[in-house]
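If you read the sequence shown in the numbering used here, its first letter stands for residue 11, the second for the next number, and so on.
Notes to accompany the following structure.
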Amino acid sequence: VSERGDGKDLEAFLRHLGETLLFLDSGVRDQLLAYLLGPRGRKFEWFAGLLTSFTERELIDLLGGMIFNLPEMMDPVRDFLSRMYGEAGSRSLMRGLRDKILDLGAPSELAEGFLPFEPLERPPGREDLLEVMRERRLPEVEGPERGMDRFDLWREALEEFPPLLLSLLEKGEIVENMEMVAGWVRQILACLVDEGELEKAADLVGGFQDIVFLGNLPPKVEAFLEETLSELSSVGSLKTLVNSSFYRSEDKGAVAERLACLVARLGEGALRNLVEILAKEEKVGIRKFICEVLMRAGSGNVHLLGSYVMDERWYLARNIVYVLGRTGNSNSLAYLKMAMKHPHPKVRREALVALGQVGSPEALEELVKAIRHEDPSTRVQAVRCLERIGGEVAEEVLLGILERGLGKRPDEVLLEEAVSALVRMRCHKAYPALAALASQRRIVGRKKWERIAVLAREGMMELETAFPRVGDGEVGGRRADAE
């Protein structure tokens, strides 16, 4: 078809061939794609025509599978993407390919070519910065120049470089070589993240976010900085950052605080991506660590977190409910109420625990409502949460359960839980009701009732030990003979 020189026929042929790719054996498909990009083929225009009918997701799956099976094709793929979409346009595909080959189980070394931050061969140093400042005759030259000997060590340069670069960025269009300065900002940010200096990275992000907001930067530089933030906020970058932070420090609370500071600075996009990482994480320890980060980073953005409480992925919804209950933000209450309607019982139980953590009168009201829930496990969890909260209101609700237990159709499971809870709470007001339960005889459900009677007698003895005169009515109780 190519030799005939009929462009329309070639275009149609490639389109139809592209439609069959998904149905080919993966080995054959990889060989075909590799031929078109390899040294024998190098038919970039054919390759482009072959893939025109695919979505970005399908393209990532095809190319990612090929790179996983044929690692030597990484460079030709990068070359093709850069030629077809340009450096800026290919970044999204690059990130997708990196995540794909990691998901397939490739070693991190294979994905290294697609990592968003590539360190400079030689990081900017003292003379580089001074040259820029002298060229523009900026007043900041004098101050830094006196202490420039400290820039000989790159580690110490991380301490001093960010504020100087931000100072240059603030000049906006006055600085002619602003693109180089923006490139340095990106590299410094990458190094801070790599070194685990997350608080300083967060300060740098906040600094150039403020400068971008002022709108004094050239459009190209502004777009570059925004793209830098987007890459740092991507799922791949955040996952790498979470793993490195988790394994780097034994003080998980402190490192979670620093990572949360950076995520909060990066904004909602980073927060959403962190939630998606949580949904896919298999290791319990890392899931707990991500929850700690979300508690801190999401405390001011409970509306975003709350949008996940009814997620069909119940395991994710449960973790988000756990986080919301510990953010300390009163706005989380509305989402915890919503979570009580989730179809999965584990999410509802976690919502009850979270309501207990909130402990406000409105949260207490929701717990009281849950005692009448149709699901037995939800009712039992509500009693346990009321016990943890304690106080007069909780006591009155639990005493009400005991009183209803003396009726014709008691909820034995709930009654047992309420008896145990009131005894553990050392509620002397429960003594008369316990005495009544201990002395009552039932024919229907006799075995269950005998167990409740034994539990009530044991509870009476514990209360008598705690309050020696409870049976004489001097602590609010009355004498009753259980036998």
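Every residue gets a Cβ at the ideal spot worked out from N, C-alpha and C, and that includes glycine.
{"Item": "Cβ contact (3+ pairs, closer than 8 Å) linking the stretch 225–236 and the stretch 197–212", "Value": "no"}
{"Item": "Terminal residues of the alpha helix (DSSP H) in which Asp71 lies", "Value": "Glu66 to Asn79"}
{"Item": "Euclidean distance between Cα positions of Cys201 and Ala266", "Value": "19 Å"}
{"Item": "Closest Cα partner of Val333 within the set Ala344, Gly400 and Ser309", "Value": "Ser309"}
{"Item": "Whether Leu432 touches Leu408 by CB criterion (7 Å)", "Value": "yes"}
{"Item": "Residue from Tyr95, Leu69, Asp89 and Met350 whose Cα sits closest to the Cα of Ile111", "Value": "Leu69"}
{"Item": "Cα-Cα separation between Ala280 and Met76, rounded to whole angstroms", "Value": "29 Å"}
{"Item": "Thr475 versus His438, Ser449, Ile462 and Ala463, residue with shortest Cα-Cα distance", "Value": "His438"}
{"Item": "Contact set for Leu365: own chain, Cβ-Cβ below 6 Å, skip 5 residues either direction", "Value": "Leu346, Ala373, Glu376 and Leu377"}
{"Item": "Burial state of Gly335 (16 or more Cβ within 10 Å)", "Value": "buried"}
{"Item": "Per-residue DSSP class, three states only, for Cys437", "Value": "coil"}
{"Item": "Within 7 Å, strictly: CB atoms of Leu9 and Leu73", "Value": "Nothing can be reported for residue 9, as the shown portion of the chain is limited to 11 through 493."}
{"Item": "Contacting residues, own chain, Cβ-Cβ under 7 Å from Leu326 (five flanking each side not counted)", "Value": "Leu288, Ala289 and Tyr318"}
{"Item": "Contacts around Leu27, its chain only, beta-carbon distance under 8 Å, and the 5 residues preceding and following it disregarded", "Value": "Leu60"}
{"Item": "Exposure of Glu413, with buried meaning 16 or more beta-carbon neighbours within 10 Å", "Value": "exposed"}
{"Item": "Buried versus exposed call for Arg160 [16 or more other C-beta atoms within 10 Å across all chains shown]", "Value": "The predicted model places Arg160 with a pLDDT of 33, which falls under 50 and marks its position as unreliable; any figure quoted below should be read in that light. It is exposed - the Cβ of Arg160 has fewer than 16 other Cβ atoms within 10 Å."}
{"Item": "Reference Gly359, options Ile411, Leu304, Phe90 and Arg389, closest by Cα", "Value": "The sequence shown places Arg at residue 359, not Gly. When each option's Cα is compared against that of Arg359, the closest is Arg389."}
{"Item": "Integer-rounded CB distance, given that Gly246 should sit under 8 Å from Arg461", "Value": "Actually they do not touch by this definition, with Cβ atoms about 56 Å apart."}
{"Item": "Minimum C-alpha distance to Glu292 - residue among Leu269, Asn253, Pro81 and Arg398", "Value": "Asn253"}
{"Item": "Lys249 burial status per 10 Å Cβ neighbour count (16 or more: buried)", "Value": "buried"}
{"Item": "Beta-carbon proximity of Ala392 to Ile411, cut-off 7 Å", "Value": "no"}
{"Item": "Secondary structure of Tyr257, DSSP reduced to three states", "Value": "helix"}
{"Item": "Residue ranges of each beta strand (DSSP E) within the stretch 292–321, 3 or longer", "Value": "none"}
{"Item": "Simplified DSSP assignment, three categories, for Ala476", "Value": "helix"}
{"Item": "Through-space distance from Arg436 to Ser479, alpha-carbon basis", "Value": "Correcting the residue type first, residue 479 is Arg in the shown sequence and not Ser. Cα to Cα, the separation comes out at about 14 Å."}
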